[in-house]
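Asker: With our numbering applied, the sequence shown covers 423 to 637.
Attaching a single structure in structure tokens format; questions to follow.
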Amino acid sequence: MNVHTLTLGPLATNCYLVWKTLERPVPVRTRALLIDCAGDPQDIVGAAEERGLEIRLIVNTHGHADHTESLTRLKDITGAELAIHELDAPMLSDPMLSGAATFGFSQHGASAERLLKEGDAVAIPDIDSILSVLHTPGHSPGSISLLGDGMLFSGDCLFAGGIGRVDLPGGDERAMMSSLARLTQLDPAAVVYPGHGPATTIGDELASNPWLASL
């Protein structure tokens, strides 16, 4: 499974193109999954086109504005469907819940074709590999992490050396600690792709992240 990271927008949000290289005729693009969508949609579309990718599905790890900044325009450009946890879906049309009003993001409103919940499977277009939905609330009520193929896309739950904020609307410190405790049980070799900052591993975070020391 291939992963390309784009760090976009004023809060340096990570967006991930995920795909598998397949034998295809040259004119046919490989279908890809996009996790989160910050910044200018043309930056994401351009990165996909450079790699011969067609974005067919967008999965948001949560509904905060820095992770959904280019969502409406990106859906218009690509025709991709959107999936988000059912508890964060209201954020897509509410600038107070999403933080757009607080942090100065424009929000055009969007609707999701698929509402996710714990245990759902997200298929990467064109391949058998799937990502399992882990409901990891705390940063927001409907925050999710996506696990599969030795990778964890942790959104704003777990970072390299840190964790997501819990002081925004819908944040819950106790829920965050419970979510983090759950992630510590994963394979230490699992590569973590967070919503902000560099990639890490579960093992590295167990060894050095102070927020995990008491879990």
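Backbone N, C-alpha and C define an ideal beta-carbon position, used for all residues, glycine too.
This one's a predicted model, so the numbers in the text were calculated from it and none came from an experiment.
According to DSSP, what are the bridge partners of P616?
Answerer: For this step, residue 616 is matched to residue 194 along the sequence shown. According to DSSP, which records beta bridges pairwise, P616 is partnered with G577.
Asker: Buried or exposed: which applies to V521, given that a residue is buried once 16 or more other Cβ atoms fall within 10 Å of its Cβ?
Answerer: Taking the sequence shown and counting its residues from 1, the one referred to as residue 521 is at position 99. Note on residue identity: the sequence assigns Gly, not Val, to residue 521. By the neighbour-count rule (16 or more Cβ atoms within 10 Å), G521 is buried.
Asker: Is the beta carbon of S551 closer than 8 Å to that of D571?
Answerer: Counted from its first residue, the sequence shown places residue 571 at position 149. Counted from its first residue, the sequence shown places residue 551 at position 129. It is a contact, given that the beta carbons lie within the stated cut-off.
Asker: Along the chain, where does the alpha helix (DSSP H) containing T490 start, and where does it finish?
Answerer: Position 68 of the sequence shown, counting from 1, holds the residue named residue 490. From DSSP, the alpha helix (DSSP H) with T490 extends over A487 to T490.
Asker: On a Cα-Cα basis, can you pick out the residue from P620, P616, L637 and H561 that is closest to G593?
Answerer: In the sequence shown, the residue the question calls residue 593 occupies position 171. Cα-wise, what sits closest to G593 is H561.
Asker: Skipping 5 residues on each side, what residues in its chain have a beta carbon closer than 7 Å to that of P463?
Answerer: Within the sequence shown, numbered from 1, the residue matching residue 463 stands at position 41. Result list for P463: S492, R495, L496 and I499, in chain order.
Asker: Could you tell me if A635 is buried or exposed, where buried requires 16 or more neighbouring beta carbons within 10 angstroms of its beta carbon?
Answerer: Here residue 635 refers to the residue found at position 213 of the sequence shown. Its Cβ having fewer than 16 others within 10 Å, A635 is exposed.
Asker: If we count Cβ pairs, one from each stretch, closer than 8 Å, do we get three or more for the stretch 423-440 versus the stretch 616-633?
Answerer: In short, these stretches touch, since the Cβ pair count reaches three.
Asker: Is the distance from the Cβ of L574 to the Cβ of Y615 below 8 Å?
Answerer: For the purposes of this step, residue 574 is taken as the residue at position 152 of the sequence shown. For the purposes of this step, residue 615 is taken as the residue at position 193 of the sequence shown. Taking 8 Å as the Cβ cut-off, L574 and Y615 qualify as a contacting pair.
Asker: Anyone know if the C-beta pair for L538 and I585 falls short of 8 Å?
Answerer: For the purposes of this step, residue 538 is identified with residue 116 of the sequence shown, where counting begins at 1. For the purposes of this step, residue 585 is identified with residue 163 of the sequence shown, where counting begins at 1. No; because the gap between Cβ atoms is not below 8 Å, this pair is not in contact.
Asker: Grouping DSSP H, G and I as helix and E and B as strand, with all else coil, what is T623?
Answerer: As a first step, residue 623 is located in the sequence shown; it is residue number 201 there, counting from the start. T623: strand per DSSP, three-state reduction.
Asker: In whole angstroms, what is the alpha-carbon distance linking L504 and G617?
Answerer: One-based indexing of the sequence shown puts residue 504 at position 82. One-based indexing of the sequence shown puts residue 617 at position 195. L504 and G617: Cα-Cα distance of roughly 18 Å.
Asker: By the DSSP assignment, the beta strand (DSSP E) with L433 in it spans what residues?
Answerer: For this step, residue 433 is matched to residue 11 along the sequence shown. Taken as a continuous stretch (DSSP letters only), L433 belongs to no beta strand (DSSP E), as it is neither H nor E.
Asker: Thinking just about the alpha-carbon of each residue, which of S565, S528 and A502 is nearest to the one in A511?
Answerer: For the purposes of this step, residue 511 is taken as residue 89 along the sequence shown, with counting starting at 1. Closest by alpha carbon: S565.
Asker: List, from N- to C-terminal side, the alpha helix (DSSP H) runs of 4 residues or more that fit wholly inside the stretch 467-545.
Answerer: Runs of the alpha helix (DSSP H) inside the stretch 467-545: 487-490, 493-500, 517-520 and 522-525.
Asker: Which of the three DSSP states is assigned to R451 in this structure?
Answerer: Numbered from 1 along the sequence shown, position 29 holds the residue referred to as residue 451. DSSP places R451 in coil when its eight states are reduced to three.
Asker: Does the distance from the CB of L514 to the CB of T490 come in under 8 Å?
Answerer: The count along the sequence shown starts at 1 and reaches residue 514 at position 92. The count along the sequence shown starts at 1 and reaches residue 490 at position 68. Closer than 8 Å, so yes.
Asker: Out of L605, A454, T429 and F525, point me to the one whose CA is closest to V440's CA.
Answerer: The count along the sequence shown starts at 1 and reaches residue 440 at position 18. Looking at the Cα atoms, A454 is the closest of the given residues.
Asker: Where P449 and E476 are concerned, what is the direct C-alpha to C-alpha distance, given to the nearest angstrom?
Answerer: Against the sequence shown, residue 449 aligns to sequence position 27. Against the sequence shown, residue 476 aligns to sequence position 54. Interpretation of P449 is limited by its pLDDT of 49, a score under 50 that renders its predicted location unreliable; no figure is taken from the coordinates.
Asker: Within 7 Å: the Cβ of I552 and any heavy atom of the ligand ATP?
Answerer: Annotation note on the ligand ATP: not contained in the displayed structure, which lists no ligands.
Asker: Identify which residue in S576, G526 and W633 has its Cα closest to the Cα of A487.
Answerer: Taking the sequence shown and counting its residues from 1, one reaches residue 487 at position 65. For A487, the nearest C-alpha among the options comes from G526.
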